[in-house]
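Encoded as structure tokens, the structure appears first; notes follow it.
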Ligand code: GDP
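Numbering (full-length UniProt numbering), first residue to last: 181 to 485.
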């Protein structure tokens, strides 16, 4: 698929091509092959632990299967990558969004300023609006100047409704109004934008907790997802941010943005391995359609194209 191919081009051109080059030179199982493999994996940002784990498991599996051709080894690499990705999660979780059985589904977006949170909400709003859902946005980042206006632009682009508040007003009040409206006017989905000023971490986390309390009071099963937005181009920094948010909120899924802007797409695997939270969507560009549900199989196979 074209967007996916283009969006992952940078990663494929470095990570994928290095893997392909390694495989092209593969003659038999020797240590230098696995050393090179580990180095390639670390270079792609899969993280040190993941690189070592993957290469250890591959070593065993390649011997076990008595793989002699590079095509066999490639298959083992793909299998193992997907397997390790899957193992890092729990059985009941899935990549699909968790929708309310009845009434509005409420999805909270959290993440640091600049990661692409507003853009992602716009893309998601468009995606579900196109799918025939009645979508409402809540502009609950009343703190950052311009955040509300920016979300409003996306609401218009996606042709969905939005609830806003005055600058510096209580974000929890915006959330309350939005939840009321979602219930009253039979919206299918409410996407809530939140502030991302990590300089004042305690305040931010208290603010998020207050929003969640209000949402749950109004709709006991909500929020149905808390999606953490991370910027793939920030590499290991994204992981540090994720750990901070995970400490204070129940993050149920990750949206990894700007994968089109990095050659180190292996960060997808690192996130999974270290955070044990599924990557639900990936951002592959700045346009409204540049968002895809994340599929580990498609991702790993795509690397070898
Ligand atoms: P926020 O501060 O987290 O709300 O971030 P914004 O949504 O304003 O996005 C910050 C910048 O990242 C903008 O220039 C966006 O166009 C850009 N951006 C967001 N998502 C993507 C993506 O998937 N790919 C690329 N290349 N740029 C993105």
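Note that the Cβ used here is the ideal one computed from N, Cα and C, for glycine as well.
Beta-carbon contacts of residue i that lie in its chain and below 7 Å, excluding the five residues immediately before and after
i	result
residue 261	234, 449, 480
residue 204	250
residue 465	187, 440
residue 425	290, 408, 431
residue 395	286, 355, 359, 402, 403
residue 309	315, 338, 339, 340
Residue i versus residue j: straight-line alpha-carbon distance, rounded
i	j	result
residue 193	residue 443	7 Å
residue 242	residue 454	25 Å
residue 249	residue 208	8 Å
residue 316	residue 355	11 Å
residue 137	residue 221	Outside the modelled stretch of the chain, which goes from 181 to 485, sits residue 137, for which no answer is possible.
residue 190	residue 467	18 Å
residue 435	residue 247	36 Å
residue 418	residue 352	26 Å
residue 293	residue 371	17 Å
residue 305	residue 472	13 Å
residue 483	residue 412	16 Å
residue 195	residue 366	46 Å
residue 212	residue 200	16 Å
Segment limits, alpha helix (DSSP H) that includes residue i
i	result
residue 223	211 to 223
residue 479	476 to 483
Boundaries of the beta strand (DSSP E) in which residue i is found, first to last residue
i	result
residue 400	Neither: residue 400 is in no beta strand (DSSP E) and is coded neither H nor E.
residue 463	459 to 463
residue 471	471 to 473
residue 320	315 to 320
residue 433	433 to 437
residue 342	341 to 343
Proximal residues to residue i (C-beta, below 6 Å), its chain only, five neighbours per side dropped
i	result
residue 268	452, 453, 456
residue 476	262, 265
residue 226	446, 449, 450
residue 379	none
residue 398	359
residue 390	352
residue 230	449, 450, 453
residue 218	231, 235
Closest residue to residue i among the options (Cα-Cα distance)
i	options	result
residue 337	211, 303, 324, 325	303
residue 429	385, 446, 230	385
residue 280	362, 344, 218	362
residue 474	276, 381, 229	276
residue 236	282, 257, 377	257
residue 376	395, 364, 422	422
residue 416	200, 197, 326, 223	223
residue 392	288, 345, 298	288
residue 364	283, 181, 253, 463	283
Contact test: residue i Cβ vs the ligand GDP heavy atom, cutoff 7 Å
i	result
residue 330	yes
residue 380	no
residue 440	yes
residue 185	no
residue 293	yes
residue 486	The requested residue 486 is not part of the displayed model; the chain covers only 181 to 485.
residue 464	yes
residue 414	no
residue 298	yes
residue 376	yes
residue 475	no
Own chain, CB closer than 8 Å to residue i, minus 5 neighbours either side, in chain order
i	result
residue 348	322, 323
residue 561	Nothing can be reported for residue 561, as the shown portion of the chain is limited to 181 through 485.
residue 342	316, 317, 318, 319, 331, 332, 335
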